[in-house]
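Student:
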Amino acid sequence: MTYVRKGSKTRAQQHRSVQSRDLLWVSVNGCHILNVYRQPGTDAVMDYLTNLSPPARCLIGGDINVRHDGFEPGAVNLHRGGELVQWASEHGMDFVGEIGVPTHAAGHVIDLTFSNVAFASTTVRQDLHCGSDHQSMITMLPTTPQTQLSDARIKITDSQLEPFADLVRGLMVDMPCPEGVGNVAQLDDLAQHFTQSLLAAAQAVSKPAQQGRTTAPWWTADCRRAHRELTTHQTEAAKHQFKDAVRKAKRAYWRQVINEARDGRDLYRVVAWHKLEPNLRAPPLVIGDQIIEETAAKAEALQQAILKRYNSADDLEYDPLDDEHWSGMGNLPWNPRIGMEEMERNTIGVQSTSPGTDGITVRMLKACWQHVSLFIQQLYNCCLRLCHFPRAWKLAEVAMIPKVVSPQHGGALPRRSAMDLVAAFTHEVEAAFAQNKEVSMVTMDVQGAFDAVLRRRLLQRMAQQGWPRELLQLIDSFLTERRAQVRLEGTTTAAHQMQCGTPQGSPLSPILFLLYLAELLWQNSELRFGYADDLNIWRATHSLDNNATLLRQDIQSILRWGETNKVAFAPEKLEMIHLTRKRHNEAPAVVVSEDLTVHPVTAPAGQEPALRWLGVHFDRRLTWRPHVSTRAKKARAVAQHIRSLGKTRDGPPADALRKAVTTCVVPSLLYGTEAWYGGRTQPARHTGRSGEVSSRLGWHVGTVEKVLTMAARGVFPVFRTTPIATLYRDAGLPSAMVALEEAKMRFATRLQVVDEKHPLASRIAPPMITRGRGAGTRQRSKTKIQRLGALLPAVNRPTLAIPHYSEGCGTDPTEGVDKKSAAQAFKEWWRSQPSTDLYVFSDGSERSLDNSRQVGYGFIVYQGNKQLASFSAALSPMSHVFDSEAVGACRALECAVKLLPCVTEDSSNPQIWLCLDNTSVIWGIRGSAAASSNWAYNRCHELLRQHNVGLKWAPGHMGIEAPAYGLEATPTVSGVRTVAKQLSQEARRKWWSGACGKLSDWYRGWSFSRPTVEYQVKAPPELTMPRHALHRWLALRSSHGDFSWYHRRFQHADARLTCVCGHNKSPEHLVLCRHSQRHFLHWPKRPAARPHNRATAVAYLGSLTPTDFVELLDCTQFYTRYCTR
């Protein structure tokens, strides 16, 4: 193995041209080094050496195992030593070692070094001896450091953001205004100038990356002292002391890193350690018969092989946007201007913070936003006006690592997830099974995906879809003259021109790719599902042979479409599986052509075949066992790592580990539950049976339970015999049943809140019975979606609308003022306003009366101080005050608009002021509509566009009251979510009532400052305690700990059973021991009367808060001085 010191300013490259484990070529700063090991008695290595023509600046050395008097005077020529000396003489390779100095414990010179580099030398270093029978040797080669072929990334600390913003402010003074740009050349120059200005400011304040040697973070003064002792005395004792010092320093450093992992960033970095891999170079790249080993050459080859594997030869010969060939309708809405709020939301409000090739991050833009926001808005509008994308922003970087749309086509679409498509497809399979049909599915993958998009064919397709010509001209500019560079292992290639494809990493690329494939999905939207470039085509008949025949026709049709539209599909990624509940082993293949046959997936012996689509594994009988096993394996790896971090005394706080479990283990484990979990029971399949039958998910629940139990044990420092139910309760974690029921209710809620055109919405209601008995009614539910869709009340589905932006939508309505001061300021503002304007006050209320909820709204309309109208109404009890506020604002605004013609006699254009006291509703009216009461927000947005309406925060309800009768009885989304939450709580109570009955009376009777031992899925306050104190707290609660009865039960022969006072160890002995009670005098929170028996001790301990308990342990030092293990 070869190691290169970090920060040594060397360029090292390993070569694997020699297929031998005993020969290793490495190039370092232009010097070629061959590391040799020759096994005694073998000739292969010697044959290679004696036939080698060494290159210039070459060094060859290693354990060659030959003897000759040329480097060991008086030695006999053995093992072909003469041939080696003759070869070295003929090729100018000088022996650079120390003649006659033994390199082996037996006293011979068998480790040899030859070089043709002037002044190269090798010496034996006794001080570096590592304990082997060979001596350590150092070879010095004169060379010069070479610059690494990598780009230095700009790194700006938080303290440097303010100087960066100041520099940008100065640079923006002389920046030309984009509104004066008249052509694309000026736009390119202005964008380039602006980008370079930001880059110059960043480079001026950023610190250069540390390229030199740095001290290891674990290196301490003890390590430095031990190292100094070792280099001075060179004794065995000094060596052992140095090793011990290094081990202790490393152990202490990593323990500190783990213990201090409190915030999310540090915690997730520690949790991600289980995925760490060796930082090794990528293997040689093989392209055809060529083997490429240099990093720069590999990056260039990857660019040619991947980014340039497609060209524009298959593109249209004509421009679909010119006047001669333009055939588009252009009927889709398009606004050529962008407002400040929308621009801000999509520039500095994005979630991803990955920088582009210029290194300017969202964090840096936020720091200087007040200085550049207006310029960027004007620059964007200039791009839209000229339909041109600046050339400075067309450079993309691709990092290489070792590895109008159909309603059933997902990816890069709002409120459309991969799991929605999986659930929709699962519904179709279950519906087919209910009709005694068999299903066959084939997955396909578009070859090249983003890289294969042809520009003109994309523009032609978008023109046919109705996109306006101006937008297509902008997209044409976006895709024209694009450049890309490849980054591999810190090396970045030069930028090359791209002939086709969309840039990876751009948020526009997935949308363009969906539009590129939209026609393929629209051809059969019922039997084709798509997510980005992954397609799923399926057929359901009463015979698998018929399915294979139909799928052959479908695949042939898709391939013909692809050939016509120059879209290639990867044949190696065609996979198929048959889904059936019939007991036979038929599995016909799909013979597409003479050269292409799709065979069903197979699996090793003992495993069930499964096809993976969108992260979910479909098996033949749809038992979901392969999927649950795969997800459990992934989650188990994280749970085991979390368990390895937490010890009894050391480790992250328990609340931090609980957060890691809820965010890293639980989501990974439950991925795909929308497809396979619909509850532990289901309606009987046969029409003659009534009632519920088991859904046969016991094995699945048990598998999930094992992983969650392991994760819960990782959170707590508890004994392994601690009952599982107490782990879940004390950690605030969901058990398997609770987690699955909560996931079920989340999906049931989603079924009610998706829009009408969502692929799930049309599958909720069972089909109608068209004839016979029961005609006109719906069939009974046969699929999970149908059953879960009936769990919750139906609501008015929200509308999937484009984002709404209005003036001030990104500004806090309160403006940082408290409610009392804002109320006084509002009264003064109202007095100063014109008396001709309309002022609308609306409010909502929610209250409980006679065990029933009443929700209502009311509003008053003023012109000046004159009241024009008032109204109040009630909403469905299955709604909340948030809905009443939104509906009230909508109805009030509609009333004010109706009154406008009546008040325009004295005022030509009065303004409407909508005054609300709910800031959440103001956010929704200014910005995008919320899901609950969505129609009310959309109506307000419509009225805001049509009329002169202003929004004002008015704290206080202005005396508006809601009535006690109902007018609008439709449940709202927020009300349905409350019902789902109540059902989840009922599932938790049901599970806990069954689990709690199996626990000991001791645990169920222990309150610990709580009135009852309840079970909630949230972090209890005791999780913030230090781990050693939490260990004692939990041991007292469960009685599973260092107690006498516990040791006797499990036969711990070497355990101490008594305290130093002579009494048996017990949970309550903490406050009954005389040594503890003696320390009560020094504790302000000591009990009024000292505990004297078990009942009073338990009562006192139960009254302590977690903070009090930690102070009690510190005060009494009970477990460290008296009751030790």
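Okay, so the sequence shown: first residue is 2 according to my numbering, each after it adds one.
Built from N, CA and C at the ideal position, the CB exists for glycine as well.
(1) Mind listing, in chain order, the continuous alpha helix (DSSP H) runs of no fewer than 4 residues lying wholly within the region 124 to 195?
(2) In chain order, what residues of the same chain have a beta carbon less than 6 Å from the beta carbon of Leu199, not counting five sequence neighbours either side?
(3) Alpha carbon to alpha carbon, how far is Ser510 from Glu742? Give it in angstroms, no decimals.
(4) On the premise that Ser934 lies in contact with Asp884, defined as a C-beta separation below 8 Å, what is that separation, rounded to the nearest angstrom?
(5) From Gln855 to Ser975, what does the alpha carbon distance come to, in whole angstroms?
(6) Cutting at 6 Å between CB atoms, please list the residues of its own chain near Met341, excluding the five before and the five after it.
(7) Looking only at DSSP bridge pairs, what is Ala13 linked to?
(8) For Glu295, name the three-state secondary structure that DSSP assigns.
(9) I want to know whether the region 71 to 79 touches the region 107 to 121 - three or more CB-CB distances under 8 Å.
(10) Does the distance from the CB of Leu698 to the CB of Tyr678 come in under 9 Å?
(11) Reducing DSSP to helix, strand and coil, say where Val667 ends up.
(12) With a threshold of 16 other CB atoms inside 10 Å of the CB of Asn117, please say whether the residue is buried or exposed.
(13) Excluding sequence positions up to five away, which residues of its chain have a Cβ less than 8 Å from the Cβ of Val904?
(14) Pull the bridge partners of Asn537 from the DSSP assignment, please.
(15) Whole-angstrom Cβ separation of Gln136 and Thr104, contact assumed at under 8 Å?
(16) Take Gln461 as the anchor and find which of Asn52, Ser374, Glu318 and Phe434 has the nearest alpha-carbon.
(17) Just the C-alpha distance for Pro164 and Met173, rounded to the nearest angstrom, thanks.
(18) Is the number of C-beta pairs between the region 826 to 833 and the region 842 to 853 that are closer than 8 Å three or more?
(19) Excluding sequence positions up to five away, which residues of its chain have a Cβ less than 6 Å from the Cβ of Arg1011?
(20) What first and last residue would you give for the alpha helix (DSSP H) that runs through Cys941?
(21) Go ahead and pull the three-state DSSP assignment for Cys916.
(22) What residues match up with Asn1065 in a beta bridge as DSSP calls it?
(23) With distance defined between alpha-carbon atoms, name the residue in Arg458, Gln20, Glu1069 and Pro610 nearest to Ser1040.
(24) For Arg58, which three-state DSSP category applies?
(25) Which first and last residues belong to the beta strand (DSSP E) in which Gln861 is found?
(26) Can you tell me whether Gln608 is helix, strand or coil according to DSSP?
(27) From Gly647 to Leu1113, what does the alpha carbon distance come to, in whole angstroms?
(28) Would you tell me roughly how many angstroms separate the C-alpha atoms of Lys1066 and Arg1050, rounded to the nearest one?
(29) Look at the alpha carbon of His80 and the alpha carbon of Arg68, and state the distance between them as a whole number of angstroms.
(30) Just to confirm before moving on: does the CB-CB distance between Leu580 and Leu623 stay below 9 Å?
(31) Under 7 Å Cβ to Cβ from Tyr254, same chain only, skipping five residues before and after it: list those, please.
(32) Which value, in whole angstroms, describes the spacing of the CA atoms of Met176 and Phe195?
(33) Could you check where the alpha helix (DSSP H) with Met499 kicks off and where it finishes?
(34) Skipping 5 residues on each side, what residues in its chain have a beta carbon closer than 7 Å to that of Leu231?
(35) Do three or more CB pairs link the region 326 to 341 to the region 791 to 799 at distances below 8 Å?
(36) Buried or exposed: which applies to Asp1115, given that a residue is buried once 16 or more other Cβ atoms fall within 10 Å of its Cβ?
Tutor: The relevant details are as follows:
(1) The qualifying runs are 159 to 173.
(2) In the sequence shown, the residue the question calls residue 199 occupies position 198. If we look at Leu199 and ignore the five residues flanking it on each side, its Cβ neighbours are Ile361.
(3) For the purposes of this step, residue 742 is taken as the residue at position 741 of the sequence shown. For the purposes of this step, residue 510 is taken as the residue at position 509 of the sequence shown. If I take the Cα positions, the gap works out to 38 Å.
(4) In the sequence shown, the residue the question calls residue 884 occupies position 883. In the sequence shown, the residue the question calls residue 934 occupies position 933. Contact between Asp884 and Ser934 holds: their C-beta atoms lie close to 4 Å from each other, under 8 Å.
(5) Here residue 855 refers to the residue found at position 854 of the sequence shown. Here residue 975 refers to the residue found at position 974 of the sequence shown. Whole-angstrom Cα-Cα distance: 15 Å.
(6) By one-based count along the sequence shown, residue 341 stands at place 340. Counting only Cβ-Cβ distances below 6 Å, and skipping sequence neighbours, we find Gln378.
(7) Stepping through the sequence shown from its first residue, residue 13 is reached at position 12. According to DSSP, which records beta bridges pairwise, Ala13 is partnered with Val29.
(8) As a first step, residue 295 is located in the sequence shown; it is residue number 294 there, counting from the start. Residue state for Glu295 is assigned as coil, using DSSP reduced to three classes.
(9) yes
(10) Stepping through the sequence shown from its first residue, residue 698 is reached at position 697. Stepping through the sequence shown from its first residue, residue 678 is reached at position 677. Cβ atoms of Leu698 and Tyr678: closer than 9 Å.
(11) Taking the sequence shown and counting its residues from 1, one reaches residue 667 at position 666. It is helical.
(12) By 1-based counting over the sequence shown, the position of residue 117 is 116. By the 10 Å Cβ count, Asn117 comes out buried.
(13) Counted from its first residue, the sequence shown places residue 904 at position 903. Cβ neighbours of Val904 beyond the five flanking positions: Thr837, Leu839, Gln864, Leu869 and Pro911.
(14) Here residue 537 corresponds to residue number 536 of the sequence shown, with the count starting at 1. Its beta-bridge partners are Thr444 and Phe530.
(15) Translated into positions along the sequence shown, residue 136 becomes position 135. Translated into positions along the sequence shown, residue 104 becomes position 103. Between Thr104 and Gln136 the Cβ distance is about 5 Å, and since that is below 8 Å, they are a contact.
(16) The residue labelled residue 461 in the question sits at position 460 within the sequence shown. Of the listed residues, the one whose Cα sits closest to Gln461 is Glu318.
(17) Within the sequence shown, numbered from 1, the residue matching residue 164 stands at position 163. Within the sequence shown, numbered from 1, the residue matching residue 173 stands at position 172. So the two alpha carbons sit approximately 14 Å from each other.
(18) no
(19) Residue numbering aside, residue 1011 sits at position 1010 when the sequence shown is read from its first letter. Only weak support exists for where Arg1011 lies, its pLDDT of 47 falling under 50; the value from the coordinates is given anyway. The beta carbon of Arg1011 is closer than 6 Å to none in its chain, skipping five residues each way along the sequence.
(20) Start at 1 with the first residue of the sequence shown, and residue 941 comes out as number 940. Element bounds for Cys941: Asn935 to Gln947.
(21) Sequence index remark: in the sequence shown, residue 916 carries index 915 (1-based). Cys916: strand per DSSP, three-state reduction.
(22) Position 1064 of the sequence shown, counting from 1, holds the residue named residue 1065. Answer by DSSP bridge pairing, in chain order: Thr1059.
(23) In the sequence shown, counting from the first residue as 1, residue 1040 sits at position 1039. Checking every option, the nearest Cα to that of Ser1040 belongs to Glu1069.
(24) The residue you call residue 58 lines up with position 57 of the sequence shown. It is coil, neither helix nor strand.
(25) Sequence index remark: in the sequence shown, residue 861 carries index 860 (1-based). A quick correction: the sequence has Ile, not Gln, at residue 861. Unbroken beta strand (DSSP E) run through Ile861: Ser853 to Gln864.
(26) Start at 1 with the first residue of the sequence shown, and residue 608 comes out as number 607. The three-state reading of DSSP puts Gln608 in coil, since its state is none of H, G, I, E or B.
(27) Along the sequence shown, read from residue 1 onward, the residue named residue 647 stands at position 646. Along the sequence shown, read from residue 1 onward, the residue named residue 1113 stands at position 1112. Each residue's Cα considered, the two are about 24 Å apart.
(28) Counted from its first residue, the sequence shown places residue 1066 at position 1065. Counted from its first residue, the sequence shown places residue 1050 at position 1049. The straight-line gap from Cα to Cα measures roughly 14 Å.
(29) Here the question's residue 80 lines up with position 79 in the sequence shown. Here the question's residue 68 lines up with position 67 in the sequence shown. Cα-Cα distance, rounded: 7 Å.
(30) Numbered from 1 along the sequence shown, position 579 holds the residue referred to as residue 580. Numbered from 1 along the sequence shown, position 622 holds the residue referred to as residue 623. Yes; because the gap between Cβ atoms is below 9 Å, this pair is in contact.
(31) Here residue 254 refers to the residue found at position 253 of the sequence shown. These residues qualify, in order along the chain: Pro218 and Trp219.
(32) Stepping through the sequence shown from its first residue, residue 176 is reached at position 175. Stepping through the sequence shown from its first residue, residue 195 is reached at position 194. In a straight line, the C-alpha of Met176 is about 8 Å away from that of Phe195.
(33) To locate residue 499, count along the sequence shown from 1; it is residue 498. Counting along the chain, Met499 falls outside any alpha helix (DSSP H), and DSSP gives it neither H nor E.
(34) Numbered from 1 along the sequence shown, position 230 holds the residue referred to as residue 231. For Leu231, where only same-chain residues beyond five positions count, the Cβ hits under 7 Å are Ala239, Lys240 and Phe243.
(35) no
(36) For the purposes of this step, residue 1115 is taken as residue 1114 along the sequence shown, with counting starting at 1. Label assigned to Asp1115: exposed.
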